[in-house]
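These notes are about the structure you will find just below.
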Amino acid sequence: MNPSPPRSLPSPPSLEEQVEDYLDGIMTPREVRAFEASLVAPEVARALHEAVALRSLLEDLPPSDVPDGLIERIEAELGVAEAGPTRARLPRLRAALSGAAWAFRGPAQIQSGADDSMRAASLVSAPFTRLMARDEPRPPLWRRLLRLGA
Amino acid sequence: MSDSPSDADLVRRARNGDPAAWRQLVRRHTPMIHRLALRTLRNPSDAEDATQEVFVKMSRYLDTWDSTRPLPPWLGKMTYHVCLRRLGKVADAKNDLTAPDTLDLATSSDLTPEAAIAVRQASDLVTRAVDQLPAQDRFLIDLRYREGQSDVEVAEATGMNVNTVRTRLFRARQALRKLLSPVLGAHPEENAR
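Order-wise, the sequence lines are chains A and B.
Using my numbering, read the first sequence as starting at 4 and increasing by one per residue.
Using my numbering, read the second sequence as starting at -11 and increasing by one per residue.
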């Protein structure tokens, strides 16, 4: 089987185009064979080498960082920005309210928004809050002690 | 992540007014748009404004995007036009869009092969070299190589004929080869041969 003869040396622009097509992988197998056969010509080999080197340099340029705040400014401009501070505060507020509800009404009323620290805080504060919230007069100390003993 | 929604999904949701989808689109595509704008305009403040302007245009014309096509070339097209319009406003000879034939090679004349090898980061040289190209060519080079778009996509983005794109890229590469000849000559592959 005779390999297809190497293409005659093309003029510089078409040589460059061939090199780019070769690197882009858009040549047919036959064109690839012919091009690779033509690599014996120093000009072709040099063109390929330079193209590879140039591509490598261009593709390896370090990415530039997006400036701080640019994305947020764009989102604000588009009116799609997250309501940052309000939303950030909301879970805490919900947790605080939930903890307070738990303290006054007991665990059955607890809200899912309360975190562990808030629950712990409300657990500690609940008896005092209840005592302070009583309308009826506190029983005498001896009666309370008896109740504890029972 | 494979769970990351496609551009088409995000655009569909954005068209329905989903702010979260918009935010994802902005976060996904801002780096590319900003890179292109910065390279083309060469001014950080202008590049930020241009990036913002592209997204405003995007929000305005989102319904015109054909969801069967990739989104980056469409955004590249908007970026290209926004940058060109901004450059047109700037009466700066350095940003002349129509005089690509001669390049100022003076800054690289001191780059002997030894000096070039001594430079730690070839990327600085490449950046300097690309910066010497006319604005349109800088855009083409960036879109083609850094953003990895095909000649056809670059043509779509710029509204140029594919052959025009190839010709301009060819000239730009020729210019870059001249400017970067010390670096290209010292490429490791050559030493390996």
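Backbone N, C-alpha and C fix where the C-beta goes; we use that ideal spot for every residue, glycine too.
Own chain partners of residue i with C-beta closer than 8 Å, once the 5 adjacent residues on each side are dropped
| i | result |
| --- | --- |
| B:E135 | M20, R23, L24, P60, G64 |
| B:Q12 | P(-7), L(-2) |
| B:Q137 | P60, P61, G64, L131, A145 |
| B:V140 | V150 |
| B:C71 | L24, A25, T28, L29, A38, A123, F127 |
Simplified DSSP state of residue i, which is helix, strand or coil
| i | result |
| --- | --- |
| A:D68 | coil |
| B:M66 | helix |
| B:P122 | coil |
| B:N151 | helix |
| B:S169 | helix |
| A:D24 | helix |
| A:E62 | helix |
| B:Q162 | helix |
| B:A35 | helix |
| B:R16 | helix |
| B:W53 | coil |
Selected residue, minimal CA-CA separation from residue i, among the options
| i | options | result |
| --- | --- | --- |
| B:T207 | B:R74, B:H69, B:R73, B:Q162 | Chain B is shown from -11 up to 181; residue 207 of chain B falls before or after that span and cannot be answered. |
| B:M66 | B:D(-9), B:V44, B:R3 | B:V44 |
| A:L81 | B:D54, B:P122, B:V42 | B:V42 |
| B:S169 | A:E34, A:E53, A:G72, A:A44 | A:E53 |
| A:P65 | B:T52, B:D130, B:A9 | B:D130 |
| B:L26 | A:V47, A:V69, A:A79 | A:V69 |
| A:G72 | B:S(-8), B:L164, B:L167, B:D37 | B:D37 |
| A:S67 | B:P32, B:R57, B:R156 | B:P32 |
| A:D27 | A:L60, A:L61, A:V55, A:I77 | A:V55 |
| B:R30 | B:V142, B:F127, B:Y49, B:W10 | B:F127 |
| A:E62 | B:L167, B:D54, B:V118, B:V14 | B:V118 |
Residue i classed as buried or exposed, judged by whether at least 16 other C-beta atoms fall within 10 angstroms
| i | result |
| --- | --- |
| A:A86 | exposed |
| B:D112 | exposed |
| B:Y133 | buried |
| B:V114 | buried |
| B:T28 | buried |
| B:A8 | exposed |
| A:E23 | buried |
| B:V142 | buried |
| A:I29 | exposed |
| B:T18 | buried |
| B:T56 | exposed |
Contact with chain C by residue i, beta-carbon distance below 7 Å
| i | result |
| --- | --- |
| B:T146 | Absent from the structure is chain C; the protein chains it does hold are A and B. |
Close Cβ partners of residue i (< 7 Å) along its chain, the five nearest in sequence each way excluded
| i | result |
| --- | --- |
| A:E75 | A84 |
| B:D34 | R74 |
| A:A50 | L18, E19, V22 |
Beta-carbon proximity list for residue i, same chain, < 6 Å, skipping 5 on both sides
| i | result |
| --- | --- |
| B:R1 | A9 |
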